[in-house]
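Notes follow the structure.
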Amino acid sequence: MRHIISLQLENESGALSRVAGLFSARGFNIESLTVAPTNDETLSRMTIVSIGDDDIVEQIVKQLDKLIDVVRVTNLTATGHIERELALVKIDVSPNSQAEIDKHIDEYGGKIVGVSEDTYTVEVAGKSQRVDDFLVSIDASKILEVSRTGVTGVCQKREY
Amino acid sequence: MKLNGAQILVNCLQSEGIDHIFGYPGGAVLHIYDALNACDKIKHILVRHEQGAVHGADGYARVSGKCGVALVTSGPGLTNAVTGIATAYMDSIPMVVISGQVSSAVIGNDAFQEVDAVGITRSCVKHNFLVTDINDLVNVVKKAFHIATTGRPGPVLIDITKDTTIAKIEFSGYPKSINMRSYQPEIKIKTTQITKAVALIVQAKKPIIYSGGGSVIGNADKILRVFTRHTGFPITQTLMGLGAYPASDKQALGMLGMHGTYESNMAMHDSDCIIAVGARFDDRITGNLDKFCPYAKIIHIDIDPSSVGKTVGVNVSIIGQVNDALSALMQALKGKQLADISQWWAQIETWRSVDSMAYKTKAGVIKPQSVIEALYEVTKGEAIVTSDVGQHQMWAAQYYLFDKPRRWINSGGLGTMGFGLPAAMGAKLAAPEMDVACVTGEGSIQMMLQELSTMLQYDTPVKIINLNNGYLGMVRQWQEFFYDKRYSMSYMDALPDFVKLAESYGHIGIKVEKEADLKPALIEAFKQKNRTVFLDILIDPSENVFPMIPAGAGHHEMLLAGRDDMASTNDEGLNLV
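Residue numbers (this note's numbering), protein chains in the order written: chain A, 77 to 236; chain B, 5 to 581.
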């Protein structure tokens, strides 16, 4: 099962490698990982998507919690949460495919954020599934490049 | 007054109450050594190899219960220390290792004797720090000791750049305590869990206490005795837990696991309620997980939540210090009637009567088991015994009955050959009034032989019991059983003359070839209170460690000594070796 794990950790050098190293050393799987400082500049927020059965995810959460730099670990999947991902997709636009592609961009709420002679760069945001669906909707041969941020998320309640 | 970083570090160590440092100098730590030279409160032990420094600090920590400290230089100093750090990590030993680092201006330039110390050690420390700014130094040192000694203890590395040791600032003292928002080791025992555990305990008809290293590290031997006596339950102990409960007591079933007693493993297998106390269900304990304790409800007491449910699912977890958890259980058990377990004890006695530790003697041959028995007798069971890794380690664990904690010092988790001798040196420094024996083999001892020299310099008299069978015995045993006696690289030709070797290091060497000479030699060795004595004992080279759970088997599938239908295992089992 897919789990979204949210971490708050000390914004210190080496903190990211401790987390990444833990996953590789213990053979846990990482689907995606995003990290950036929060409004409190001494804290970073990291969101990890991992796939594993409940026992493994329980171990992952415990092992992460054990890292000295980690202030808090939450398995967002186990609670009400908001998740978002952003993708930049470079698409080959030829005169005869443009209308079709415009339609899909509209359908998925995409934004054209860059244009060149024969390409669009489109920004799509939403749940990962939405980004997946958008990519499927476009003729694969027209997709030149995809860069996804990975999932970031927060818990829905005021406190957790 | 302005002090340089090195002086501040030494000041901090002194304030932390550190009295021994095991180390080896080099370019990046010259300032620190200069500051140490001016300090008469800390005794520095100059080892002969950095691995010896860390094992020495480790042995010191295990015996004293205090935090061990090692000091090494950058580059090879640090890499040599890594085996020692990993050893301490696997066995949860409180330790601070200080390593020099090249100047911050050249970090990342592949400077002379530069390695990425925090990167290399990341997966074998509880935490590590790189200090590049002298203003951070004091807090980092405080944090390091706080982290190393609290919660589930473990080694912490402080990597300090050379320029940090040279820079000067005003030193305003060492903090008494430190609070870290991301590290809160104080855990209160949850009453709900205690209630659930008690419900299982009072119903248990076939209970067993399974106690591990946490009972020793957590100084819980007293409450463990009270709890065990109060309940009347049988108790089995892991390799790391030996001594927390007296081995000579009738409720003690001996060690469990791969080379544990028949009664321990059978009782674990048939039990309906296991109380795991500071133990982590390691693979040497459980054997085949699919066959592990099929009938038992499991209560697991541990300070580390990640130890719970890691390999074996449990019914009730109690997170916290062993001392607190057992006290809470005792409190909750007051006035409660326990189930009658006399039938269970009767069953255990039938297993005990199998006498799984019996071994056959052979005229003219010294049996390793008899060496350990003689050692026990001569030292009246009161020595600190360190060991290396292999057959001799198992025999020492099986035949020396430890009645007190912090007397049995071995590398249980990492299984580090070479640990025994430097650990014995550290043990002797921690407890100078006690007899210290290092049980080793001719393979292991050669991995850290050079520390014989350190032991002369610092006058740490230890008795080395070398069970010499000319083989890497445990490897040979597995090859005999599972590789059709193809003894690939397990025979050691061209062994040194250990007697002359010991003598050349300024110690006493005694060779023991006949059984009749064994006890007199041991008596003589322990009479030499102020000398290190190397007993090179030629033992039966064909002896194997029994009983044994072959890899892949369950607790109830033990092999006992003297049976012809020798061990067999399958590929799945061999994966677990």
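No residue lacks a Cβ here, since even glycine has one placed at the ideal position from N, Cα and C.
Of all residues in the segment 112-135 of chain B, only V122, G123, R126, S127, K130, H131, N132, F133 and L134 come within less than 9 Å of chain A when Cβ atoms are compared, listed by chain position.
Three or more Cβ pairs closer than 8 Å define a contact, and the segment 358-365 of chain B falls short of that threshold against the segment 213-230 of chain B.
Contact between the segment 201-218 of chain B and the segment 161-179 of chain B is not established, with fewer than three Cβ pairs separated by less than 8 Å. Straight across, the Cα-Cα distance linking I541/B with I514/B is about 8 Å.
For the 8 Å CB-CB criterion, S415/B and D23/B do not form a contact. DSSP places E159/A in the strand class (E or B) of the three-state scheme. I305/B places its beta carbon less than 8 Å from that of I322/B. Taking a C-beta distance under 8 Å as the contact criterion, P500/B and H263/B do not qualify as a contact pair. Shown in chain order are the members of the segment 174-189 of chain B whose Cβ falls below 8 Å from a Cβ of chain A: M184, R185, S186 and Y187. Listed in chain order, the non-local C-beta contacts of T153/B below 7 Å within the same chain comprise C71 and P98, local neighbours out to five positions each way being set aside. The continuous stretches of alpha helix (DSSP H) do not include T536/B, and DSSP gives it neither H nor E. Taking a beta-carbon distance threshold of 8 Å, S310/B counts as an interface residue toward chain A. With fewer than 16 other Cβ atoms from the protein chains shown falling within 10 Å of its own Cβ, R78/A counts as exposed. Along the segment 137-158 of chain B, the positions whose C-beta sits under 7 Å from a C-beta of chain A are I151, read in chain order. For R94/A, the chain B residues whose C-beta falls within less than 8 Å of its own C-beta are R126, listed in chain order. Of all residues in the segment 310-331 of chain B, the ones placed with a Cβ closer than 7 Å to any Cβ belonging to chain A are S310, G313 and K314, in chain order. The CB of D145/A comes closer than 7 Å to the CB of S186 in chain B, given here in chain order. Contacts with chain B at 8 Å (Cβ-Cβ) include D131/A.
A101/A reaches chain B at R126 and S127, counting residues in chain order whose Cβ is nearer than 9 Å. In this chain, the alpha helix (DSSP H) harbouring M272/B covers Y266 to D274. For H131/B, the enclosing beta strand (DSSP E) begins and ends at H131 to V135. Runs of beta strand (DSSP E) with 3 or more residues, each lying fully within the segment 416-451 of chain B, are found at 440-445, listed in chain order. For G69/B, the secondary structure class from DSSP, reduced to helix, strand or coil, is coil.
Within chain B, the residues G123, R126 and S127 have their CB atoms less than 9 Å from the CB of G97/A, given in chain order. A check of alpha carbon separations from A367/B across T165/B, A520/B and H35/B identifies A520/B as the nearest.
In this structure, the beta-carbon distance from N319/B to I553/B does not fall below 8 Å.
By the CB criterion at 8 Å, G218/B and G317/B fall outside the cutoff. The alpha-carbon separation between F26/B and V51/B amounts to approximately 7 Å.
As computed with DSSP, F26/B is found in a beta bridge with I49/B and A74/B.
Comparing C-alpha distances from V119/B to each of Y93/B, V100/B and I164/B shows the shortest one belongs to I164/B. For Q232/A, none of the residues of chain B pass the 9 Å Cβ criterion, the least Cβ distance being about 24 Å.
Excluding the 5 residues flanking it on each side, E199/A has same chain C-beta neighbours closer than 7 Å at L162, L164, G186, K187 and V189, in chain order.
DSSP links W412/B through a beta bridge to V389/B.
Spatial neighbours of M244/B in its own chain (CB-CB distance under 6 Å, excluding positions within 5 residues in sequence) are listed in chain order as G216, G217 and G416. Beyond the five residues adjoining it in sequence on each side, D141/A comes within less than 6 Å, by CB distance, of V149 in the same chain, given in chain order. Three or more beta-carbon pairs separated by less than 8 Å link the segment 393-407 of chain B to the segment 373-384 of chain B, which places the two stretches in contact.
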